[in-house]
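**Q** In the UniProt record's numbering, the protein residues as written are 1 to 532.
Glycine residues also receive a C-beta, built at the ideal position from the N, C-alpha and C atoms.
Pasting in a structure now, in structure tokens, and then I'll have a few things to ask.
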């Protein structure tokens, strides 16, 4: 390692006695400690081989006791131990411990679920000086890193890439982010269980979503009560169903998911096989959000009001950050005319409000790729509650911060509810290219008159042209995976029509035949197999 790199890294090295339990004050160390002390948490299983390689590089440039593999030690145990030592040294008057506690920053490398895990731990521990957190994008969607300017592409794992990231961490600004609490309650079923069914094993973000104990104040006799939390989004419906299929496939065949682009392409392919592109045919109306139950929102403290959900909405997303499904913004910036009519504001990450957006199907979701595209804005609220109709469905699919699960519902219960409420804040680190905005930031949209979204109907008209419209442009980094999705969907739709018993002749689909579509499939599969 070059000498100038060593001098730079001194900004991050934490004195040894601070990292070791029951240490004594070290008076021999001069100065007031590192400028930017860091603790690094790496999910070595994230990003294929990238997680393990990144772990080795961080351990090479920092001290071993500053870098932790989440597969070996959980963040709550690490932080509890180190903060207990910091508090002990602080009582002894250790100036290095005091400055380290005030300047400490955390780095977490993994997917959105891993990042949410660490955020939840920091929030729950209620540390005397809560450290801000930077996120390294090692997942597939990487919504959390993207929202705060850390990018969404998997990073380099070499020494220079790590040094560059550490430099960004040192220069980053602090922002607060809202935390949201999720409560689900239902009568204990007469037969079976209603515990969440995860894809083969429980994801990290679902560790916090569990049935409460009998001594918990939220517990009600005769009911099953579950609680959890999220930072980015909660969704329910078809989008969560596709995500569940993707995670199940990845758990069964991890060797096929070593490349971020291939992961995104597989996700798109599953969106087609799950019927997300032909939802009106594959998704029964009884599974649409409005048919499954009532939705209520609280805009003013103590006052619940019914929220009207269009009957065509098959997926509902409750958003905290302006980053969903790989960096897309379903809420956008509301049009001023709509603001006067419906009192919507731009999305802020620290305003105590959650944005509620609906989608009809995947075609509706692709509108987000257009400039100023957005989903169906339904509400901004302090709290939201879903009350399921008795027997409306025996299960549904849910997802928090990228991690899905299948949720069984008792068919003989008319009191099943899911409620989301505000649950404090935590500090994040953001670059100056951050997409997330604070309600207190003078550069935020409502302070400087940001560009407004187009009306949703006019956007839909432009989208029907799909590429003929001058305003429609897919971002370069999304072009290949989303064109893949579009091509697969088109072929699947045509195949379905040709195979449908209601179509007596292939001549009813002009320009296509079963033979021709089969050739298209063979050629397309050849292209897919050669994707990097």
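What residues are listed by DSSP as bridge partners for residue 427?
**A** Answer is 176.
**Q** Flag this pair as touching only if the stretch 12 to 23 and the stretch 45 to 59 have three or more C-beta atom pairs under 8 Å; answer yes or no.
**A** The answer is no - the stretch 45 to 59 does not touch the stretch 12 to 23, with fewer than three Cβ pairs under 8 Å.
**Q** Nearest-angstrom Cα distance between residue 129 and residue 431?
**A** Those two C-alpha atoms are separated by around 21 Å.
**Q** State the DSSP-derived secondary structure class of residue 306, mapped to helix, strand or coil.
**A** Here residue 306 sits in strand by DSSP.
**Q** Counting only runs of 4+ residues fully inside the stretch 316 to 361, write out the alpha helix (DSSP H) ranges in chain order.
**A** Qualifying alpha helix (DSSP H) stretches, in chain order: 336 to 342.
**Q** Would residue 149 pass as a contact of residue 434 if the rule is Cβ separation under 7 Å?
**A** Cβ atoms of residue 149 and residue 434: closer than 7 Å.
**Q** For residue 235, which of helix, strand or coil comes out of DSSP?
**A** In the structure shown, residue 235 sits in a strand (DSSP, three-state: E or B).
**Q** Suppose the cutoff is 6 Å on Cβ atoms and the five residues either side in sequence are ignored; what does the same chain contact list for residue 347 look like?
**A** If we look at residue 347 and ignore the five residues flanking it on each side, its Cβ neighbours are 322, 331 and 355.
**Q** Mind pulling the alpha helix (DSSP H) runs of 4 or more residues that sit fully within the UniProt domain "DAGKc" (33 to 186)?
**A** 50 to 61, 75 to 91, 95 to 103, 112 to 125, 143 to 147 and 159 to 171, all fully within the UniProt domain "DAGKc" (33 to 186).
**Q** Between the Cα of residue 53 and the Cα atoms of 158, 83 and 141, which residue gives the shortest distance?
**A** For the residues 158, 83 and 141, the minimum Cα distance to residue 53 belongs to 158.
**Q** Counting beta carbon pairs with one atom in the stretch 393 to 406 and one in the stretch 111 to 118, are three or more of them shorter than 8 Å?
**A** The stretch 111 to 118, when compared against the stretch 393 to 406, does touch it at the 8 Å Cβ threshold.
**Q** Please report the distance separating the alpha-carbon of residue 101 from that of residue 318.
**A** In a straight line, the C-alpha of residue 101 is about 34 Å away from that of residue 318.
**Q** Measure the beta-carbon distance from residue 349 to residue 436 and round it to whole angstroms, keeping in mind my assumption that it falls under 8 Å.
**A** Right, their Cβ atoms sit about 5 Å apart.
**Q** Determine the contact status of residue 351 and residue 390, defining contact as a CB-CB distance below 7 Å.
**A** No, Cβ-Cβ distance for residue 351 and residue 390 is not below 7 Å.
**Q** Is it the case that the Cβ atoms of residue 399 and residue 240 are separated by a distance below 7 Å?
**A** Cβ distance < 7 Å, so residue 399 and residue 240 count as in contact.
**Q** Using beta-carbon positions only, say whether residue 68 and residue 34 come within less than 7 Å of one another.
**A** No, Cβ-Cβ distance for residue 68 and residue 34 is not below 7 Å.
**Q** Which of helix, strand or coil does DSSP assign to residue 243?
**A** In the structure shown, residue 243 sits in a helix (DSSP, three-state: H, G or I).
**Q** Among residues of its own chain, excluding the 5 on either side of residue 235, which ones have a beta-carbon nearer than 6 Å to its beta-carbon?
**A** If we look at residue 235 and ignore the five residues flanking it on each side, its Cβ neighbours are 317 and 399.
**Q** Mind reading off the beta-carbon distance from residue 417 to residue 382? Whole number of angstroms is fine, and I expect it under 8 Å.
**A** At roughly 17 Å, the Cβ-Cβ gap does not stay under 8 Å, so residue 417 and residue 382 are not in contact.
**Q** To the nearest whole angstrom, what separates the beta carbons of residue 293 and residue 419, a pair I think is in contact under 8 Å?
**A** So it is not a contact: roughly 12 Å between Cβ atoms.
**Q** What distance in whole Å lies between the Cβ atoms of residue 376 and residue 310, which are believed to be in contact at a cut-off of 8 Å?
**A** Their Cβ separation, rounded to whole angstroms, is 7 Å, which keeps residue 310 and residue 376 in contact under 8 Å.
**Q** Short of 8 Å in beta carbon distance, which residues of its chain neighbour residue 71, apart from the five on each side in sequence? Order them along the chain.
**A** Here the set comprises 43, 44 and 45.
**Q** Given a cut-off of 7 Å, decide if residue 89 and residue 133 are closer than it, judged by their beta-carbon atoms.
**A** Contact flag unset, no.
**Q** Taking Cβ positions, are residue 237 and residue 325 nearer each other than 7 Å?
**A** No, Cβ-Cβ distance for residue 237 and residue 325 is not below 7 Å.
**Q** Using the C-alpha atoms, what's the distance from residue 140 back to residue 508?
**A** Residue placement at residue 508 is poorly supported in this model, since its pLDDT is 37, which falls under 50; the coordinates still yield a value, given next. Spanning the two alpha carbons is a distance of roughly 40 Å.
**Q** According to DSSP, residue 386 sits in a beta bridge with which residue or residues?
**A** Bridge partners of residue 386: 295 and 418.
**Q** Using CA coordinates, which residue listed in 165, 125 and 195 is at the minimum distance from residue 409?
**A** Of the candidates 165, 125 and 195, the one whose C-alpha sits nearest the C-alpha of residue 409 is 195.
**Q** Under three-state DSSP, which class holds residue 290?
**A** In the structure shown, residue 290 sits in a helix (DSSP, three-state: H, G or I).
**Q** Do you know how far the Cα of residue 343 is from the Cα of residue 77?
**A** Roughly 44 Å between the two C-alpha positions.
**Q** Grab the span of the alpha helix (DSSP H) containing residue 374 for me, first residue to last.
**A** Per DSSP, residue 374 belongs to no alpha helix (DSSP H) and is neither H nor E.
**Q** Assign residue 233 to one of two classes, buried (16 or more other C-beta atoms within 10 Å of its C-beta) or exposed (fewer than that).
**A** Buried is the call here.
**Q** Does the Cβ-Cβ distance between residue 379 and residue 328 come in under 7 Å?
**A** No, Cβ-Cβ distance for residue 379 and residue 328 is not below 7 Å.
**Q** Where does residue 374 land, buried or exposed, given buried means 16+ other C-beta within 10 angstroms?
**A** It counts as buried.
**Q** Taking the alpha carbon of residue 51 as the reference point, which residue from 145, 154, 83 and 16 has its own alpha carbon closest?
**A** Nearest C-alpha to residue 51: 154.
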